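Peer 1:
Number of protein chains: 4
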Amino acid sequence: MTIYNPGPQIAQAGAITLGTPDLEKSLGFFRDLLGMEVVYETADVAYLRGYMELTHHSLILRRSDEAVVDAYSFRVKRPEDVELFYNELRAQEIEAIELPAGHEVGRGEALRFIWPGAGHPLELYYGIDKPLAPEEIRSHLPSNSSKRRGLGVRRIDHFNVQCAPGDMNAAEKWVRETLGFKRREFIHIPESQTLLASWMSVTPQVHDLALVANPFEKSGQLHHVAFNLENFSDLMTAADVLKDHDVQFDVGPGKHGIGQALYLYVRDPGSGHRVELYAGGYLIFDPDWEAIEWTPNTVGDGLTWYGDPLQMGPDNSMAPTTNSAPLHSLAALRA
Amino acid sequence: MTIYNPGPQIAQAGAITLGTPDLEKSLGFFRDLLGMEVVYETADVAYLRGYMELTHHSLILRRSDEAVVDAYSFRVKRPEDVELFYNELRAQEIEAIELPAGHEVGRGEALRFIWPGAGHPLELYYGIDKPLAPEEIRSHLPSNSSKRRGLGVRRIDHFNVQCAPGDMNAAEKWVRETLGFKRREFIHIPESQTLLASWMSVTPQVHDLALVANPFEKSGQLHHVAFNLENFSDLMTAADVLKDHDVQFDVGPGKHGIGQALYLYVRDPGSGHRVELYAGGYLIFDPDWEAIEWTPNTVGDGLTWYGDPLQMGPDNSMAPTTNSAPLHSLAALRA
Amino acid sequence: MTIYNPGPQIAQAGAITLGTPDLEKSLGFFRDLLGMEVVYETADVAYLRGYMELTHHSLILRRSDEAVVDAYSFRVKRPEDVELFYNELRAQEIEAIELPAGHEVGRGEALRFIWPGAGHPLELYYGIDKPLAPEEIRSHLPSNSSKRRGLGVRRIDHFNVQCAPGDMNAAEKWVRETLGFKRREFIHIPESQTLLASWMSVTPQVHDLALVANPFEKSGQLHHVAFNLENFSDLMTAADVLKDHDVQFDVGPGKHGIGQALYLYVRDPGSGHRVELYAGGYLIFDPDWEAIEWTPNTVGDGLTWYGDPLQMGPDNSMAPTTNSAPLHSLAALRA
Amino acid sequence: MTIYNPGPQIAQAGAITLGTPDLEKSLGFFRDLLGMEVVYETADVAYLRGYMELTHHSLILRRSDEAVVDAYSFRVKRPEDVELFYNELRAQEIEAIELPAGHEVGRGEALRFIWPGAGHPLELYYGIDKPLAPEEIRSHLPSNSSKRRGLGVRRIDHFNVQCAPGDMNAAEKWVRETLGFKRREFIHIPESQTLLASWMSVTPQVHDLALVANPFEKSGQLHHVAFNLENFSDLMTAADVLKDHDVQFDVGPGKHGIGQALYLYVRDPGSGHRVELYAGGYLIFDPDWEAIEWTPNTVGDGLTWYGDPLQMGPDNSMAPTTNSAPLHSLAALRA
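So the protein sequences, as listed, match chains W, B, C and P. Each residue of the first sequence is one higher than the last, beginning at 89 in our numbering. Each residue of the second sequence is one higher than the last, beginning at 89 in our numbering. Each residue of the third sequence is one higher than the last, beginning at 89 in our numbering. Each residue of the fourth sequence is one higher than the last, beginning at 89 in our numbering.
1. So if I threshold CB-CB distances at 7 Å, which residues from the segment 349–382 of chain B count as touching chain W?
2. Using a Cβ-Cβ distance under 8 Å, would Asn319(C) count as near chain B?
3. What first and last residue would you give for the alpha helix (DSSP H) that runs through Lys113(C)?
4. Quick one: Cα of Thr108(B) to Cα of Ala367(W), how far?
5. State yes or no: is the C-beta of Glu260(P) within less than 8 Å of the C-beta of Gly347(P)?
6. Among Glu364(B), Gly358(B), Val126(B), whose alpha-carbon lies nearest the alpha-carbon of Asp153(B)?
7. Could you work out which residues of chain C lie near Gln309(P), taking near to mean beta carbons separated by less than 7 Å?
8. Compare the C-alpha of Gly207(C) against each of Gly395(C), Pro230(C), Val170(C), Val156(C) and name the closest.
9. Decide if Ser280(W) is buried, meaning its Cβ has at least 16 other Cβ atoms within 10 Å, or exposed.
10. From Ala298(P), Asn319(P), Leu317(P), pick the residue whose C-alpha is nearest to that of Gln309(P); which is it?
11. At a Cβ cut of 9 Å, what residues of the segment 327–344 of chain C count as close to chain B, listed as they run along the chain?
12. Please state the DSSP three-state secondary structure of Ala413(C).
13. I'd like to confirm the pairing. Which residues does DSSP put opposite Pro209(B) in its beta bridges?
14. Give me whichever residues DSSP pairs with Met288(B) in a beta bridge.
15. Thinking just about the alpha-carbon of each residue, which of Gly215(C), Arg137(C), Arg195(C) is nearest to the one in Arg166(C)?
16. Going along chain C in order, which residues have a C-beta closer than 9 Å to the C-beta of Asp255(P)?
17. Using a cut-off of 7 Å between C-beta atoms, extract the partners of Ser280(P) located in chain C.
18. Please determine whether the Cβ atom of Val249(P) lies at a distance below 7 Å from any heavy atom of the ligand HEM.
19. Please list, in chain order, the residues of the segment 230–241 of chain P that have any C-beta partner in chain C closer than 7 Å.
20. Please classify Arg178(P): is it buried, with 16 or more other beta-carbons within 10 angstroms of its beta-carbon, or exposed?
21. Short of 8 Å Cβ to Cβ, which residues in the segment 147–175 of chain P face chain C?
22. Need the endpoints of the alpha helix (DSSP H) that Gly390(W) sits in, please.
23. Does Lys343(C) come out as helix, strand or coil in the three-state DSSP assignment?
24. Write down the C-beta distance between Leu283(B) and Asn257(B) rounded to the nearest angstrom, noting that I regard them as a contact closer than 8 Å.
25. Suppose contacts are defined by Cβ-Cβ distances below 8 Å. Is Leu142(P) in contact with Ser227(P) by that definition?
26. Can you name the start and end residues of the alpha helix (DSSP H) that Asp245(C) belongs to?
27. Determine, using beta carbons only, whether His228(P) comes closer than 8 Å to chain C.
28. Given Thr90(W), which residues of its chain have a CB within under 8 Å of its CB, disregarding the five upstream and five downstream residues?
29. Residues of chain P with CB under 8 Å from Pro397(B), in chain order?
30. Counting only Cβ pairs nearer than 8 Å, list the residues of chain B close to Met140(P).
31. Do you know offhand how far Ile185(C)'s Cα is from His276(P)'s?
32. Under three-state DSSP, which class holds Phe315(P)?
33. For Phe320(C), which of helix, strand or coil comes out of DSSP?
34. Smallest Cα separation from Asp217(B): which of Ile380(B), Tyr128(B), Phe117(B)?
35. CB-CB under 7 Å to Ala326(C), same chain, minus the five flanking residues each way: which ones, in chain order?
36. Nearest chain C C-beta to Trp203(P) closer than 8 Å, yes or no?
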């Protein structure tokens, strides 16, 4: 019998850092409409979390000329995993920047590097504070950090990022093999085995991270970041209220066949970053889950099982518009 | 840096085997009302699964004079984990019966033993078939085994079992240390550290398994088995329909503060086993989750945050009525 | 002070009679999927009602070569109103056929005539039986005729019919002035005052009857008949299940701005008649309600506030496909 | 054929005026938590409406030492109905006070009198302004006065008031015969025909007004005023949030068999008046509806079909606590 050593592991999608040209409008969206708590704030940055998140933050909004994504941050399972991943990256000759504790307020030491092939800046960390919310909004339920407010965003859910079609297979393989993501559902061209999209997770969620081929042949573009709502009804209420507040709708509401969750894609009015509100879906507990295969011919139901139809490719409504930041610009920016 | 070896691990609560004095009535409940699929059936036994379960079964109904629970079955993460657990039990001098592949239809080799202190028959297995549903009920969504029917039971959710108050601390410690369950929320008497209830999981669910002190000082009694519905609205519909079909309600609908899910406790009309319909709730992705502590003075909101109130102790509505089977009777029974 | 005499009045949209080339398939849809009760049945006809309807039927399915609508039937408020309406029609020199009690099983005397301009066969009746459902499906709630089943159709909701654009203004005026419908919301071309659509009711519902301009310049075509579900969540469940049963979707789910209800337009697989599942919406209690005006430029939000977008005009998805029957063919048919 | 003259008619339950000892706390509840719009405000009074009400107000909060109900106000169907009702009251030798236009801001002339037997101050009016909401909260949907906010109160729904058991039969008969309410469901003691509760309406709602026997043998006590939410899910969200804000729960959530709506009874923190949040239910379009009869032996399911159980009688949770104001005190107060 072989001894099983899982090596370092990712625990969850932890946080995203969004550059926004209009911080006030972005706060109006995430804080006032979606109901997220501002945990820490300066003139140029705000840290937020959903009412079900006990950790310090899952969203950082940073005033910025460009609507860029500074970092997609994942929490690792054990304190030593940050260093174990660092060793692994060095062994692969991938440049990684060590960020000291406090580089993000409330967070311990972290590692920053560019996802090979995909071009997205990833960060890995373990330590994170779990501050109590101010008493006036603190929940009586200890599993909630604060009372439900606004449209009831509970927590961050997942990231969906893009890379050039030609880099898909390699980039997806890398993140599975090095970071331990499991492929859950995917679209490919069977003849060529060319991957068009892959939904991957380290948790029983169908995806904590998705990689999708970019219709403009570019890497390093955000498709969307998703936040989780309790149920379908909350998502319909969100659609009602966001529509009435002139928030731009891209697509939705509708139900994905892939993941079986309800979706609504809108734009943060301050930055134009695409945000998905996401509710429901199935969980994977099978240890021998076989990734579900879709092809361009069959994926219609996978993208949209019912509701406002989502399409692949460069249609106006779902074209990516915001970019991930390159590694060195980030290092310079936040040093 | 230490090498981390997780040892054998549980993947999920997989299935329960219920003895029922009236198999037809039990089928009327689980198949016709709740909408579960009968995957395999003889005159005296039926294997069922929810529409989101790809594996062979999560519920076995066995014709029996007594409304007993034959087994609480957990799936392990890797094929070798069955043997690794067997070795561990032997090292602890706990009797374990090896069950050959096919002992349960569609299932590989398994291990059966009694949970020390708690008195409940547990089974561990890895291999399980994933049969397609018959074409007329097969879903177009490959993540569903069949089309949604009846009240929309998606999958098994968790087991809640009881033991004598004096055995709580030891029994709970054993299942955490040997089987790897993590304590997520608990009730205890702070002065004496006496545990009254513990919600534990190996997945991000708040509990795959709960252990609750038995008000009649007995071990080996079922509190309930829970099945999962998509959302709160489905649970209200279930309440409507089950009430109109004269299914006995114990408590609910209401919302637990513990776990934050909606509950409805009813009785299988064929056996009297208590079944919880369960929807919503929060997921735990924090690797350093600190178990939430409740005391008899504070747990009111934990048991019922709102809705029909659940009480601890031997009140009529929630008194346990059905027993788990002792190990040797089971071995004899099914040999 | 003048004495106020309301004259004869319509109480509600009572029933629709649909010709269907495949009665068995239509029953599979309305009875087995939507969950309606078959109250009366012969080899060639079936009478159905929703679980919240105490009256004998709201839907008649009649075996027929052509997918025609035989009648849109409205119940009047008082027994004498049938005769009062008859007198009014004669005064207007509109031909009306008197149908004896029992012409439709369970129904009293009725009046049949063609809606001038619109070309649709309308029937007016007062008397209708209120049979108890068979005991095995009878509800314990006396306001329900039967236990909720299938997708939970509660009752008929409204009719939406079409006429040639050039007849819209006159046809709509006639039904308001003679039958007492109130205009609640409408679309017109302000410059020419040309009506494109009108939602009208005799109850606090936003519409019991809608008249919409036909994109093919024809009168006498059905747009859809709507059945009512309890809430948004039920409609999403219906979408899930109908999609998985290969029922043809036209448009939806989505939310109308007009009426503020959730919609899902599908086709009866037996006949191709368009059926709307309809949930929620607002009620009008204001006695001085001013009809809400929409124009081609503003009506986008009115047709679809959010969700799968509904469009006006001859697009494939919403083109009318089934016709209302002419008066004399009906008289001959059912004499 | 007899000519049918309906005489003056009530159109709807229009508004309630609540005295509150703590106006700020009451505003915190109705405006900030429930999400109602303050249309008009002085230091001592606030006029509010739900987001689906186009008329000026449905709730007046008046600073007052005592938590009294000043008026239950009904809108009539036609302008002349105010005077017609006045004549009718005089013919019955019932004192009625004429209130000039503007007595309530935004309202036309009204009539105030005490409901004989029941002891509650009723007001009848026709004219009411329909002001647009301020632009920043105005809805894009013309059938909504403002964007949905807070817990989404849409509109006032109904009044439930009490009188001494010995006065029930006469008081209920009076309001039916003089004001035209129809009995929809009722509880009585069959042997003595003693009425215990009656749900009555002038609209298709099951009740716009309910009269319930007071367990303390008193007349003139409020049981509750109800506000309407879109659906069951909104009511569950309201329960979640109100609980977390320490609003006192009396009973609920649960579903009434009578009316089939979901209920949640809480107390306005400023005044202690009981408020019901109310969602769903059935509508009555049958012109020959037969009132549904319940008895003390059968009404259990009627009061609570499922959920937190509602009981009749002087149990602590549902005992009435606030009084309606006598006629002359009101006249003096507001002259």
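Glycine residues also receive a C-beta, built at the ideal position from the N, C-alpha and C atoms. Bear in mind that the values here come from a model prediction, so they are computed numbers and not experimental data.
Peer 2: Taking the geometry as given:
1. Gly368, Tyr370, Phe373, Asp374, Pro375, Ile380
2. Translated into positions along the third sequence, residue 319(C) becomes position 231. Cβ-Cβ to chain B under 8 Å: yes for Asn319(C).
3. On the third sequence, residue 113(C) is found 25 positions in, with the first residue counted as 1. Per DSSP, Lys113(C) belongs to the alpha helix (DSSP H) from 111–115.
4. By one-based count along the second sequence, residue 108(B) stands at place 20. By one-based count along the first sequence, residue 367(W) stands at place 279. C-alpha separation (whole angstroms): 37 Å.
5. Along the fourth sequence, one-based indexing puts residue 260(P) at 172. Along the fourth sequence, one-based indexing puts residue 347(P) at 259. No, the pair does not count as a contact, with Cβ atoms beyond the cut-off.
6. One-based indexing of the second sequence puts residue 153(B) at position 65. Out of Glu364(B), Gly358(B), Val126(B), Gly358(B) has the C-alpha closest to the C-alpha of Asp153(B).
7. On the fourth sequence, position 221 is the one that residue 309(P) refers to. Correct list: empty, because the minimum Cβ distance to chain C is about 26 Å.
8. Walking along the third sequence from the start, residue 207(C) turns up at place 119. Nearest C-alpha to Gly207(C): Val156(C).
9. Here residue 280(W) is taken as the residue at index 192 of the first sequence, counted from 1. Exposed.
10. The residue given as residue 309(P) occupies position 221 in the fourth sequence. Ranking Ala298(P), Asn319(P), Leu317(P) by Cα distance to Gln309(P) puts Ala298(P) first.
11. Asp328, Val329, Lys331, Asp332, His333, Asp334
12. For this step, residue 413(C) is matched to residue 325 along the third sequence. Looking at Ala413(C) - three-state DSSP - the assignment turns out to be coil, as it is neither helix nor strand.
13. As a working note, residue 209(B) is residue 121 in the second sequence. Answer by DSSP bridge pairing, in chain order: Ile202(B).
14. Translated into the one-based positions of the second sequence, residue 288(B) becomes position 200. Its beta-bridge partners are Arg271(B), Leu297(B).
15. As a working note, residue 166(C) is residue 78 in the third sequence. Considering only alpha carbons, the answer is Gly215(C).
16. To locate residue 255(P), count along the fourth sequence from 1; it is residue 167. Within chain C, no residue comes near Asp255(P); the closest Cβ sits about 27 Å away, beyond 9 Å.
17. Along the fourth sequence, one-based indexing puts residue 280(P) at 192. Within chain C, no residue comes near Ser280(P); the closest Cβ sits about 22 Å away, beyond 7 Å.
18. No copy of the ligand HEM appears in this structure; indeed no ligand is present at all.
19. Pro230, Ser231
20. Position 90 of the fourth sequence holds residue 178(P). By the neighbour-count rule (16 or more Cβ atoms within 10 Å), Arg178(P) is not buried but exposed.
21. Arg163, Val164, Lys165, Arg166, Glu168, Glu171, Leu172
22. As a first step, residue 390(W) must be located in the first sequence, where it is residue number 302. Gly390(W) -> alpha helix (DSSP H) spans 388–391.
23. As a position in the third sequence, residue 343(C) is number 255, starting the count at 1. In the structure shown, Lys343(C) sits in a strand (DSSP, three-state: E or B).
24. If you number the second sequence from 1, residue 283(B) lands on position 195. If you number the second sequence from 1, residue 257(B) lands on position 169. Contact flag correct, Cβ pair sits at about 5 Å.
25. As a working note, residue 142(P) is residue 54 in the fourth sequence. As a working note, residue 227(P) is residue 139 in the fourth sequence. Not a contact, by the Cβ cut-off of 8 Å.
26. For this step, residue 245(C) is matched to residue 157 along the third sequence. Segment 243–251 is the beta strand (DSSP E) holding Asp245(C); no alpha helix (DSSP H) there.
27. Within the fourth sequence, numbered from 1, the residue matching residue 228(P) stands at position 140. It does; some Cβ of chain C falls within 8 Å.
28. Taking the first residue of the first sequence as 1, we reach residue 90(W) at position 2. Note that Thr90(W) scores 46 on pLDDT, short of 50, meaning its location in the model is unreliable; the coordinates nonetheless yield the value given after this. Hits under 8 Å: none found.
29. For the purposes of this step, residue 397(B) is taken as residue 309 along the second sequence, with counting starting at 1. Within 8 Å Cβ-Cβ: Asp396.
30. For the purposes of this step, residue 140(P) is taken as the residue at position 52 of the fourth sequence. Simply none; closest approach about 21 Å.
31. Translated into positions along the third sequence, residue 185(C) becomes position 97. Translated into positions along the fourth sequence, residue 276(P) becomes position 188. If you take the alpha carbons of Ile185(C) and His276(P), they lie about 45 Å apart.
32. In the fourth sequence, counting from the first residue as 1, residue 315(P) sits at position 227. Three-state DSSP puts Phe315(P) in a strand.
33. Position 232 of the third sequence holds residue 320(C). Three-state DSSP puts Phe320(C) in a helix.
34. On the second sequence, position 129 is the one that residue 217(B) refers to. Minimum Cα distance to Asp217(B) is reached at Tyr128(B).
35. Counted from its first residue, the third sequence places residue 326(C) at position 238. Leu239, Leu317, Leu352, Leu365.
36. On the fourth sequence, residue 203(P) is found 115 positions in, with the first residue counted as 1. Not an interface residue.
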